[in-house]
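Chains as they are written, first to last, in the numbering used here: chain X, 1 to 513; chain A, 1 to 388. Note that beta-carbon positions come from the ideal geometry of N, C-alpha and C, so glycine has one too. On a predicted model such as this, the values are computed, not experimentally measured, just so you know.
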């Protein structure tokens, strides 16, 4: 019976100093199935995949391919066995074309001269066969995240990989792109490819997967047929308790205006048109205002303009009655603005700093942490960091001194959120605060955001997740091509209507109120 | 022992030692090729340096000479190290050193200033050279290596031009500071007595060590150091949290430049050497500073020792038997060793790899894991799925 399996990982145990990352885990991937691997951050999914790719060696257990025991010493072995992976953070060369990226490492050549013609033909065939729309001549830096991901998939197909691993592939995609990816995955499995789908988004697993293996805290919980289970059952398996999907909150009681953006225009880095055009909006105390929209419609640039990462072309920003349009970032921050950035690796953290140094990144200059003579008060930094780690349940290998780089994505995000919320900013700008996080962590972060609102502060939330937009916000502003095209009340609107606005099919004249 | 090897400081130290041994070995092999009979003796001379002399008095005096040239080298390596922490490769250190030297000599001989103002002039000249690179980097994103190298040459020829005004009539060298501008000579505070009356021993030596300690404190204990390192490690995050990252780049290069500039003054204001006004190559002191910074594990205190070592080798090269080897051999051997010194980071990387592999092996062999028996399918049925 084992010949039905494309790959089997049997009784895998992998220990690190002090912890058992994988404790007797068995994962069996059938040929042609879509198999989901579900678990919270730190459940051991990444470790298990690293074992499969030969990056780590398991202390116990064996790996079988087509029923035969194999040894995978390094990623080359994995590649030879036909195992390919789309990583959460793409491994693409930005200044190369799609085609160049696909053939990279296996360039077809005659006596050292590239033979791109054949490669292009093969790529176009593959792209047609599986419905993977790409422009082979576009540069990676110019194309959308969705197309970048399709490039990664084509890379695997070009190498004729039979076992395709998707590591949280939807974390970076828009709802439309997610739908397209689901379609592609089904196509691939219909063509006989075996797919391992690492995720913690239950609705996606329900939509696309055939079977699902659940891990929790390094332990194997079970494998279920998706058809025979429910979202509630899966989430209980994953978290070990029942999760409340709905965000508990009382109706908003908007108070005074905290943030007043009027006629703001911000230039674009990628094209000549302005990314944000003449946008006006207000955020009041005690409300969560959400900017919804498909990725790339100017939300990022809008946040850059408000937080000071990019200069304004025109317009005015007022925070708590103070004109901050041209203030440097530090002054905006100490005037009462907190910012959970979109990209935690680029902006949010100094990855090679310790966790404690990262937790004081916005406060190190305050008298509590720096003496008058400019010396750091390391004791205070340590105790402050330990307090935040405790309050916000930030988990890491060595506590306050752990290098941020070695922490899991979810805990990195928790550290940023702890840092920003603990400063108690009157206005919290939160950009995709739950991106790439698991259900338990999302629930926790949503709770924190609502608490922050209830304490009389304003929250400007930018999100691509429709559920988050609908559940957390008190007011939705839809951004399309750099303009606010609609203001919606989450209690009255539907996801469908929101989608129409996001796609630019519907448009209102929106006043700044 | 194994855990000890995992410590960063220990690793840096061991890696540096490995580099030194490798450098000596390759130097020895080169000597063997050129003239096998004298190779062993020659390499021993390089290692022995001032122990070449049998009299303790002479040894002490020559030990002093090595220290005199260690001080400027230490300043150059601190300059490189400081900028490296902010993520900048300050190859312009050589030009900053030249600018500082020139300013000190010019102020001493032409303007007749005292030693303290001469030191300050050197610091300012060096930092100006650093700031130019910093401004270009911060505002125009010009690579600091390119602009630094070009400034090295500008600095060299500018110095040759300016210092030609104060050169000896009969030689291409500048006048002796000791005889022509005695008040610019660095004070010795009686330190010369410790080195058998070596007249070149001055304040420069303790001062350079003090600067190393100060740099160490600034980088590790202060808000300023926290900001600089954050900027070096992630410029975007530094900007995000409101640090003036552009200013940090400029300031760090200004400080790096002033360190190198001070280094130049610390050598020439001892009158140990005179400036060669017809020189057509940038003095190697700055470039050696790069090697010293890496050999010292990019740690300010480490560079004190690595600078001494590199100068020890360089000085030792002078004792190689010139009847067996041509006169350039001493420079060749010391530069081979210095070159190898740049490989510290590589050796560290290799060491980590070896440790990781050993651990893997130990882990694989360690626990007597019973082989898993027949696979237990995780679920009862295996017929479903696969269809989409």
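Among the options, whose alpha-carbon lies nearest the alpha-carbon of residue i?
i                      : options                    : result
residue 96 of chain X  : X/120, X/314, X/137        : X/137
residue 148 of chain A : A/158, A/157, A/137        : A/137
residue 265 of chain X : X/255, X/258, X/276, X/11  : X/276
residue 449 of chain X : X/435, X/467, X/421        : X/421
residue 188 of chain A : A/271, A/319, A/322, A/10  : A/271
residue 92 of chain A  : A/257, A/292, A/277, A/122 : A/257
residue 96 of chain A  : A/126, A/112, A/290        : A/126
residue 77 of chain X  : X/44, X/88, X/65, X/372    : X/65
residue 257 of chain X : X/250, X/283, X/236        : X/283
residue 385 of chain X : X/371, X/372, X/414, X/468 : X/414
residue 340 of chain A : A/318, A/315, A/306        : A/306
residue 212 of chain A : A/141, A/181, A/300        : A/300
residue 287 of chain A : A/24, A/17, A/79           : A/79
residue 285 of chain A : A/193, A/152, A/178, A/229 : A/152
Does any CB atom of chain X fall closer than 9 Å to the CB of residue i?
i                      : result
residue 199 of chain A : no
residue 297 of chain A : no
residue 303 of chain A : no
residue 234 of chain A : yes
residue 222 of chain A : yes
residue 85 of chain A  : no
residue 242 of chain A : yes
residue 226 of chain A : yes
residue 419 of chain A : This structure does not reach residue 419 of chain A, given that chain A is present from 1 up to 388, and the question cannot be answered.
residue 348 of chain A : no
residue 7 of chain A   : no
residue 367 of chain A : With a pLDDT of 47 at residue 367 of chain A, under the threshold of 50, the modelled position of that residue is not reliable, and the figure given next carries that caveat. Yes, because at least one Cβ of chain X sits closer than 9 Å to the Cβ of residue 367 of chain A.
Taking only beta-carbon positions, decide if residue i is within less than 9 Å of chain A.
i                      : result
residue 48 of chain X  : no
residue 393 of chain X : no
residue 74 of chain X  : no
residue 20 of chain X  : no
residue 7 of chain X   : no
residue 309 of chain X : yes
residue 374 of chain X : yes
residue 326 of chain X : no
Rounding to the nearest angstrom, what Cα-Cα distance links residue i and residue j in this structure?
i                      : j                      : result
residue 54 of chain A  : residue 383 of chain X : 59 Å
residue 430 of chain X : residue 248 of chain A : 28 Å
residue 460 of chain X : residue 356 of chain A : 46 Å
residue 263 of chain A : residue 73 of chain A  : 7 Å
residue 379 of chain A : residue 225 of chain X : Caution applies to residue 379 of chain A, whose pLDDT of 39 falls short of 50 and renders its modelled position unreliable; the model cannot decide the point.
residue 47 of chain A  : residue 313 of chain A : 6 Å
residue 440 of chain X : residue 239 of chain X : 7 Å
residue 74 of chain X  : residue 8 of chain X   : 17 Å
residue 337 of chain A : residue 346 of chain X : 39 Å
residue 399 of chain X : residue 409 of chain X : 16 Å
residue 39 of chain A  : residue 31 of chain A  : 5 Å
residue 14 of chain X  : residue 58 of chain X  : 5 Å
residue 129 of chain A : residue 155 of chain A : 8 Å
residue 72 of chain X  : residue 6 of chain X   : 15 Å
residue 252 of chain X : residue 129 of chain X : 50 Å
Which residues mark the beginning and the end of the alpha helix (DSSP H) in which residue i is found?
i                      : result
residue 418 of chain X : 409-422
residue 192 of chain A : 191-194
residue 272 of chain A : It is not in any alpha helix (DSSP H) - residue 272 of chain A carries neither H nor E in the DSSP assignment.
residue 145 of chain A : 144-163
Identify the continuous beta strand (DSSP E) that holds residue i and give its terminal residues.
i                      : result
residue 14 of chain X  : 5-16
residue 220 of chain X : 219-225
residue 32 of chain X  : Unbroken run through residue 32 of chain X: none, as it is neither H nor E.
residue 167 of chain X : 163-167
Is it the case that the segment 198-214 of chain A contacts the segment 64-72 of chain A, given that we only count it when at least three CB pairs across the two stretches are under 8 Å? Touching, yes.
What residues in the segment 345-364 of chain X bring their beta carbon closer than 8 Å to a beta carbon of chain B? No chain B appears in this structure, whose protein chains are X and A.
For the pair the segment 195-210 of chain X and the segment 114-130 of chain X, tell me if three or more CB-CB distances fall below 8 Å. Counting Cβ pairs under 8 Å, fewer than three are found: no touch.
So, do the segment 21-33 of chain X and the segment 205-218 of chain X have three or more beta carbon pairs nearer to each other than 8 Å? The answer is yes - the segment 205-218 of chain X touches the segment 21-33 of chain X, with three or more Cβ pairs under 8 Å.
Hey, is the segment 43-54 of chain X in contact with the segment 97-105 of chain X, meaning 3+ C-beta pairs nearer than 8 Å? As far as the Cβ criterion goes, the segment 43-54 of chain X does not touch the segment 97-105 of chain X, which means the pair count is below three.
The segment 238-245 of chain A / the segment 110-120 of chain A touching (three or more Cβ pairs under 8 Å): Too few Cβ pairs lie closer than 8 Å, so no.
So, do the segment 359-371 of chain X and the segment 297-316 of chain X have three or more beta carbon pairs nearer to each other than 8 Å? No, the segment 359-371 of chain X is not in contact with the segment 297-316 of chain X.
Would you call the segment 84-93 of chain X and the segment 141-156 of chain X in contact, with 3 or more CB pairs under 8 Å? Output reads yes: the segment 141-156 of chain X touches the segment 84-93 of chain X.
Just checking, does the segment 277-295 of chain A make contact with the segment 390-404 of chain X on the three C-beta pairs under 8 Å criterion? Short answer: they don't touch.
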